[in-house]
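*Asks:*
Protein chains: 2
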Amino acid sequence: MTKEDTKAKILAVGAQIVHEKGFNNTGIQEILSAAGVPKGSFYFYFKSKDEFGLALVDYFVSLMGGWMDSHLADPGPSPVKALKNFFDELMAYFLEKGCKAGCPVGNIAQEMADLNEAFREKAEQAFTQMKQRIKRCLEAARECGEIDPVMDPDETADFVLNSWEGALLRMKAQGDIRPLRIFDKMIFDGLLKR
Amino acid sequence: MTKEDTKAKILAVGAQIVHEKGFNNTGIQEILSAAGVPKGSFYFYFKSKDEFGLALVDYFVSLMGGWMDSHLADPGPSPVKALKNFFDELMAYFLEKGCKAGCPVGNIAQEMADLNEAFREKAEQAFTQMKQRIKRCLEAARECGEIDPVMDPDETADFVLNSWEGALLRMKAQGDIRPLRIFDKMIFDGLLKR
């Protein structure tokens, strides 16, 4: 494997472990062992655990961004329906995962934002990118008269994203999908219903 | 100091440090040093770091519960106004704190729920107690005709609490109070507006 292949493998394996166990709670050696990379070679690929963590956020953003775009970049005749389908698929994913782990960006923001300014900025960039995709979808919904025209797509997109993050956090504590169902009902049968 | 005094001091000092730095990222020795308790004596007070962490959640719940009760137990003629005042005070608190730290229960749930079932249960008990206080306030609001009578106080209380948790998480990432202001607007000028 090339250096880039190995780096990509460390990120893919590390993403899974950090998503399940948290960033501060995951050791570098554990990731290298799981990736089948010789112990002690970590610093050949990343300058520090922090540099690895920042690269992990980029990795999560690129996965999530692709998934969001496949649903929302061309939302079709009913943008609100496209948005609901996107969240419904995420709900099915978390049900399958046993209502664990939550949002990888939310988790790392929670752990690291106050400790390291580079993580705070990186996490906020990630949230902003997700929010922009929701915002464009809501703008499309407003243009075709699907939502109340007085609704501000920018603030509404932030509220939807932030409320989803909170629902995922509560899902982890409850060990149940109920918080996501309540989110779905309040957002799609309430806030975005015309 | 008696054993109970010292234990209470370790909890009060530990609560502040864990709130700022996270549970997995805080060492026992750091807490003992800050509390002025001799190194090595931790296990005289707590069986393990986990037992300490679970006691911390109880500590946070008792603080937050008292604060919530002072606003919500007897909400007066306008329960929605009482609820808004409660969140407005929290918003002022976080503005004062530089938009850092977030919800101590949310943080520990995020870090520990998947790693340790006792933490998951303890965090969910804490969330449930907060939710019940919001629910009783919404029931009072419904009785005096302040909110739409078709609104389910139980699900609405969960949604309000979870969305607040998400807003606090985003506040940490953004380093700005904006997510809390959007929460306030969407909940009190939207969802709970009649």
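Sequence order for the protein chains is C and A. With numbering that gives the first Met the number 0, the residue at position 147 of the first sequence is 146, and numbering never jumps. With numbering that gives the first Met the number 0, the residue at position 120 of the second sequence is 119, and numbering never jumps. C-beta: ideal position from N, C-alpha, C; glycine also. In this text, all values refer to a predicted model and were calculated from it rather than measured experimentally.
With distance defined between alpha-carbon atoms, name the residue in C:D175, C:P178, C:L114 and C:F158 nearest to L191 of chain C.
*Replies:* In the first sequence, the residue the question calls residue 191 of chain C occupies position 192. When only C-alpha atoms are compared, the closest one is C:F158.
*Asks:* Which first and last residues belong to the alpha helix (DSSP H) in which M129 of chain C is found?
*Replies:* As a working mapping, residue 129 of chain C is identified with position 130 in the first sequence. Start and end: E116 to E142.
*Asks:* Let me see if you follow: with CB-CB separation under 8 Å, is N24 of chain C close to chain A or not?
*Replies:* On the first sequence, residue 24 of chain C is found 25 positions in, with the first residue counted as 1. For N24 of chain C, the answer is yes, since a Cβ of chain A falls inside 8 Å of its Cβ.
*Asks:* Out of curiosity, what's the CA-to-CA distance linking R135 of chain C and G75 of chain C?
*Replies:* Taking the first residue of the first sequence as position 1, residue 135 of chain C is located at position 136. Taking the first residue of the first sequence as position 1, residue 75 of chain C is located at position 76. C-alpha separation (whole angstroms): 13 Å.
*Asks:* Residues of the region 123 to 155 of chain C with a CB closer than 7 Å to any CB of chain A: list them in chain order, please.
*Replies:* Hits within the stretch, in order: E123, F126 and E154.
*Asks:* Could you check where the alpha helix (DSSP H) with K83 of chain C kicks off and where it finishes?
*Replies:* To locate residue 83 of chain C, count along the first sequence from 1; it is residue 84. It spans P78 to E95 - the alpha helix (DSSP H) in which K83 of chain C sits, taken as one unbroken run.
*Asks:* Got a sec, what are the start and stop residues for the alpha helix (DSSP H) K171 of chain A sits in?
*Replies:* Here residue 171 of chain A refers to the residue found at position 172 when the second sequence is read from its first residue. Its alpha helix (DSSP H) spans residues P152 to Q173.
*Asks:* Looking at M67 of chain C: is its Cβ nearer than 8 Å to the Cβ of F85 of chain C?
*Replies:* On the first sequence, residue 67 of chain C is found 68 positions in, with the first residue counted as 1. On the first sequence, residue 85 of chain C is found 86 positions in, with the first residue counted as 1. The answer is yes: Cβ separation under 8 Å.
*Asks:* By how many angstroms is the C-alpha of Q124 of chain C removed from the C-alpha of L10 of chain A?
*Replies:* Your numbering for residue 10 of chain A matches position 11 in the second sequence. Your numbering for residue 124 of chain C matches position 125 in the first sequence. Approximately 35 Å, taken between the alpha carbons.
*Asks:* So, at 8 Å on beta carbons, what are the nonlocal neighbours of G189 of chain A in its own chain, with the 5 sequence-adjacent residues on each side left out?
*Replies:* The residue labelled residue 189 of chain A in the question sits at position 190 within the second sequence. Counting only Cβ-Cβ distances below 8 Å, and skipping sequence neighbours, we find nothing.
*Asks:* Any idea what DSSP makes of D113 of chain A, helix, strand or coil?
*Replies:* What you label residue 113 of chain A is simply residue 114 of the second sequence in a count that begins at 1. Coil, per DSSP.
*Asks:* I want to verify the contact list: residues of chain A whose CB lies under 7 Å from the CB of K99 of chain C, in sequence order.
*Replies:* Here residue 99 of chain C is taken as the residue at index 100 of the first sequence, counted from 1. Correct list: D113.
*Asks:* Among C:P103, C:M185, C:E142 and C:N161, which one has its Cα closest to the Cα of H18 of chain C?
*Replies:* Along the first sequence, one-based indexing puts residue 18 of chain C at 19. Per the Cα distances, C:P103.
*Asks:* Could you tell me whether the Cβ atoms of A112 of chain C and A122 of chain C are closer together than 8 Å?
*Replies:* Stepping through the first sequence from its first residue, residue 112 of chain C is reached at position 113. Stepping through the first sequence from its first residue, residue 122 of chain C is reached at position 123. Yes, they are a contact pair.
*Asks:* Give the residues of chain A in contact with L71 of chain C, contact being defined as C-beta atoms less than 9 Å apart.
*Replies:* If you number the first sequence from 1, residue 71 of chain C lands on position 72. None at all; the shortest Cβ gap to chain A is about 19 Å.
*Asks:* How would you label F59 of chain C, buried or exposed, when you count the other beta carbons within 10 angstroms and need 16 or more for buried?
*Replies:* Against the first sequence, residue 59 of chain C aligns to sequence position 60. Answer is buried; the Cβ neighbour count reaches 16.
*Asks:* The alpha helix (DSSP H) spanning D57 of chain C covers which residue range?
*Replies:* Counting from one through the first sequence, the residue named residue 57 of chain C turns up at place 58. K48 to L71 is the span of the alpha helix (DSSP H), which, as asked, contains D57 of chain C.
*Asks:* Per DSSP, what kind of secondary structure is N23 of chain C in: helix, strand or coil?
*Replies:* Here residue 23 of chain C corresponds to residue number 24 of the first sequence, with the count starting at 1. Coil, per DSSP.
*Asks:* Using a cut-off of 9 Å between C-beta atoms, extract the partners of R193 of chain A located in chain C.
*Replies:* In the second sequence, the residue the question calls residue 193 of chain A occupies position 194. None at all; the shortest Cβ gap to chain C is about 14 Å.
*Asks:* Closer than 8 Å between beta carbons: that is the criterion. Which residues of the region 172 to 190 of chain A meet it against chain C?
*Replies:* So the close ones are A172, Q173, G174, R177, P178, I181, F182, K184, M185, G189 and L190.
*Asks:* What in chain A is Cβ-close to D49 of chain C, meaning under 9 Å?
*Replies:* Residue numbering aside, residue 49 of chain C sits at position 50 when the first sequence is read from its first letter. Chain A residues near D49 of chain C: none, gap ~13 Å exceeds 9 Å.
*Asks:* Beta-carbon separation of F51 of chain C and G13 of chain C under 8 Å?
*Replies:* Taking the first sequence and counting its residues from 1, the one referred to as residue 51 of chain C is at position 52. Taking the first sequence and counting its residues from 1, the one referred to as residue 13 of chain C is at position 14. Yes, Cβ-Cβ distance for F51 of chain C and G13 of chain C is below 8 Å.
*Asks:* What number of angstroms, rounded off, separates the C-alpha of M185 of chain A from the C-alpha of S32 of chain C?
*Replies:* For the purposes of this step, residue 185 of chain A is taken as the residue at position 186 of the second sequence. For the purposes of this step, residue 32 of chain C is taken as the residue at position 33 of the first sequence. Each residue's alpha carbon lies about 47 Å from the other.
*Asks:* Pull up the distance between the alpha-carbon of V36 of chain A and that of D57 of chain A, whole angstroms please.
*Replies:* What you label residue 36 of chain A is simply residue 37 of the second sequence in a count that begins at 1. What you label residue 57 of chain A is simply residue 58 of the second sequence in a count that begins at 1. Roughly 21 Å between the two C-alpha positions.
*Asks:* Between V79 of chain C and E145 of chain C, how many whole angstroms is the CB-CB distance? I'm expecting something under 8 Å.
*Replies:* The sequence position of residue 79 of chain C within the first sequence is 80, counting from 1. The sequence position of residue 145 of chain C within the first sequence is 146, counting from 1. Rounded, the Cβ-Cβ distance is 5 Å, consistent with contact.
*Asks:* Can you tell me whether DSSP reads E29 of chain A as helix, strand or coil?
*Replies:* Position 30 of the second sequence, counting from 1, holds the residue named residue 29 of chain A. Three-state DSSP puts E29 of chain A in a helix.
*Asks:* Are the CB atoms of I181 of chain A and E29 of chain C nearer to each other than 8 Å?
*Replies:* Your numbering for residue 181 of chain A matches position 182 in the second sequence. Your numbering for residue 29 of chain C matches position 30 in the first sequence. No. Outside cutoff.
*Asks:* Hey, how far is the Cα of A139 of chain C from the Cα of G174 of chain A?
*Replies:* Numbered from 1 along the first sequence, position 140 holds the residue referred to as residue 139 of chain C. Numbered from 1 along the second sequence, position 175 holds the residue referred to as residue 174 of chain A. Going from the Cα of A139 of chain C to the Cα of G174 of chain A covers about 29 Å.
*Asks:* Find the residues of chain A that neighbour A108 of chain C, judging by a C-beta separation of less than 9 Å, and give them in chain order.
*Replies:* Position 109 of the first sequence, counting from 1, holds the residue named residue 108 of chain C. By Cβ distance, chain A contributes L168, R169, K171 and A172.
*Asks:* Can you confirm whether G105 of chain A, when its beta carbon is compared against all beta carbons of chain C, has any partner nearer than 8 Å?
*Replies:* Against the second sequence, residue 105 of chain A aligns to sequence position 106. True, the Cβ-Cβ gap to chain C drops below 8 Å.
*Asks:* Go ahead and label S162 of chain C buried or exposed: buried means 16 or more other beta carbons lie within 10 angstroms of its beta carbon, across all protein chains shown.
*Replies:* For this step, residue 162 of chain C is matched to residue 163 along the first sequence. S162 of chain C is buried by the Cβ-count criterion.
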